[in-house]
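Step one of this worksheet: look at the structure below.
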Ligand code: CP
Ligand code: NVA
């Protein structure tokens, strides 16, 4: 049995297999075919943070696969009142077939997985957002942008950046990350990505200059400057990230035909300009929709691993 906590635990072949499964499931859906591969199965979804895309995509996806999803906010279950993670894991995994968790500390999801009898999926922690990266890569494949990929991530060294590091390291493409001083990625995660990159041939470059990162890139991406849990730091972050907005001038440095991705929600006028987001809206909202398809692929794939 495999959990999906970070892309670090998955090989290139496995990542591509999940994407292929998702592409096939998406084609079926477009043709009105529902194979109900998770009929009568249940997915418990524990949310300790807000969500639009993650909740709607997992819940809808499970329904389309013939199963059922339970939305469990920490305000409603005893986890939020101090019931231990390990007890919650043992109880929920004795009744449900899969668990998705969105939480703060990555160690919480690791502890849950250690006590869970069923696969656990990371729906975002402070450290990683791997399901989003599956959707991002699937979108690049659909748009024919996965070849000769040179990705530029401009902004906060956060859960999204860490997952981009892992994806690049596993798949072997070039990734430049530009963050302001003091807001760089976690060193331990970077070291681990660089270690994996040695095998895959990925080129990972860390910078403080967003223009240098974007120059000649084929994919440009960013994320909010203040992630969930950092609301109190918002004002000081807006100051620290001055000059990091992906705007038209910045995008013009990228390769001709470069695409812009954003995991959403986007803060226009901060990490991205209104113009850049709207002129790349087609791919950005295809990326959001692909959360549905790729997570269906992931759940079917994880279920098959269990045999
Ligand atoms: N991108 C993403 O995970 O969105 P939500 O926070 O709305 O789930
Ligand atoms: N970095 C953001 C991603 C939201 C999908 C956050 O953690 O809030």
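In the working numbering, the protein residues as written are 1261 to 1567. Cβ coordinates follow ideal geometry from the N, Cα and C atoms, glycine included. These numbers were taken from a predicted model, which means no experiment stands behind them.
Could you pull out every residue in the same chain whose Cβ sits closer than 7 Å to the Cβ of residue i, ignoring the five residues on either side in sequence?
i	result
residue 1378	1353, 1356, 1357, 1358, 1359
residue 1548	1313, 1524
residue 1308	1334, 1362, 1363, 1364
residue 1376	1349, 1353, 1359
residue 1340	1334
residue 1498	1485, 1530
residue 1405	1478, 1479, 1519
Of the choices the options, whose alpha-carbon is the least far from that of residue i?
i	options	result
residue 1477	1454, 1447, 1306, 1437	1437
residue 1530	1512, 1424, 1563, 1496	1496
residue 1272	1430, 1532, 1455	1430
residue 1414	1452, 1376, 1469	1469
residue 1519	1443, 1546, 1308	1546
residue 1552	1265, 1261, 1289, 1266	1289
residue 1425	1295, 1543, 1448, 1405	1448
residue 1402	1408, 1344, 1543, 1432	1543
residue 1310	1327, 1489, 1326	1489
residue 1446	1440, 1418, 1471, 1344	1418
residue 1536	1516, 1514, 1388, 1508	1508
residue 1387	1421, 1372, 1341, 1432	1421
residue 1485	1511, 1453, 1440	1440
residue 1295	1323, 1503, 1512	1323
residue 1481	1533, 1263, 1321	1533
residue 1261	1444, 1374, 1451	1374
residue 1345	1366, 1331, 1329	1366
residue 1506	1451, 1432, 1286, 1416	1416
residue 1399	1538, 1567, 1282	1282
residue 1338	1328, 1326, 1351	1351
residue 1397	1528, 1527, 1522	1522
residue 1270	1538, 1391, 1408, 1491	1391
residue 1504	1515, 1493, 1471	1471
residue 1550	1317, 1293, 1292, 1268	1317
residue 1395	1327, 1342, 1267	1267
Who are the Cβ neighbours of residue i in its own chain at under 6 Å, not counting the five residues just before and after it?
i	result
residue 1410	1434, 1477, 1478
residue 1284	none
residue 1393	1423, 1427
residue 1330	1304
residue 1487	1418
residue 1319	1329
residue 1249	This structure leaves residue 1249 out entirely; the chain is present only between 1261 and 1567.
residue 1263	1373, 1379, 1380
residue 1514	1474, 1477, 1480
Kindly indicate the opening and closing residues of the alpha helix (DSSP H) around residue i.
i	result
residue 1497	1494-1500
residue 1358	Where residue 1358 is concerned, there is no enclosing alpha helix (DSSP H), although the beta strand (DSSP E) it sits in stretches over 1358-1362.
residue 1241	Outside the displayed range of the chain (1261 to 1567) lies residue 1241, so it cannot be described from this structure.
residue 1305	No alpha helix (DSSP H) holds residue 1305; the beta strand (DSSP E) holding it covers 1302-1307.
residue 1321	1313-1324
residue 1266	Per DSSP, residue 1266 belongs to no alpha helix (DSSP H) and is neither H nor E.
residue 1354	1345-1355
residue 1508	1508-1511
Kindly list the residues whose CB is nearer than 8 Å to the CB of residue i, restricted to its own chain and excluding five residues on each side of it in sequence; keep chain order.
i	result
residue 1473	1412, 1413, 1414, 1436, 1437, 1438, 1465, 1467
residue 1369	1265, 1361, 1363, 1380, 1382, 1385
residue 1563	1297, 1298, 1301, 1357, 1358, 1379
residue 1442	1500
residue 1527	1484, 1485
residue 1454	1429, 1464
residue 1432	1272, 1457, 1460, 1461, 1462
Considering just the uninterrupted stretch of the beta strand (DSSP E) at residue i, what are its terminal residues?
i	result
residue 1388	Counting along the chain, residue 1388 falls outside any beta strand (DSSP E), and DSSP gives it neither H nor E.
residue 1380	1380-1382
residue 1366	Per DSSP, residue 1366 belongs to no beta strand (DSSP E); it is in the alpha helix (DSSP H), 1366-1375.
residue 1333	1328-1333
For chain E, check one thing: does any of its Cβ atoms lie closer than 7 Å to the Cβ of residue i?
i	result
residue 1311	Included in the structure is just one protein chain, with no chain E present.
Check: Touching or not, the stretch 1297-1307 and the stretch 1458-1466, by the rule of three or more beta carbon pairs under 8 Å?
Finding: no
Check: Touch check for the stretch 1263-1280 and the stretch 1550-1567: three-plus C-beta pairs under 8 Å?
Finding: yes
Notebook entry, point to check: In chain order, which beta strand (DSSP E) runs of at least 3 residues are fully inside the stretch 1406-1437?
Noted result: 1410-1414
Notebook entry, point to check: What beta strand (DSSP E) runs, 3 residues minimum, are completely inside the stretch 1447-1485?
Noted result: 1463-1467, 1479-1482
Checklist line | Runs of alpha helix (DSSP H) wholly within the stretch 1518-1562 (minimum 4 residues, chain order) | finding: 1534-1539
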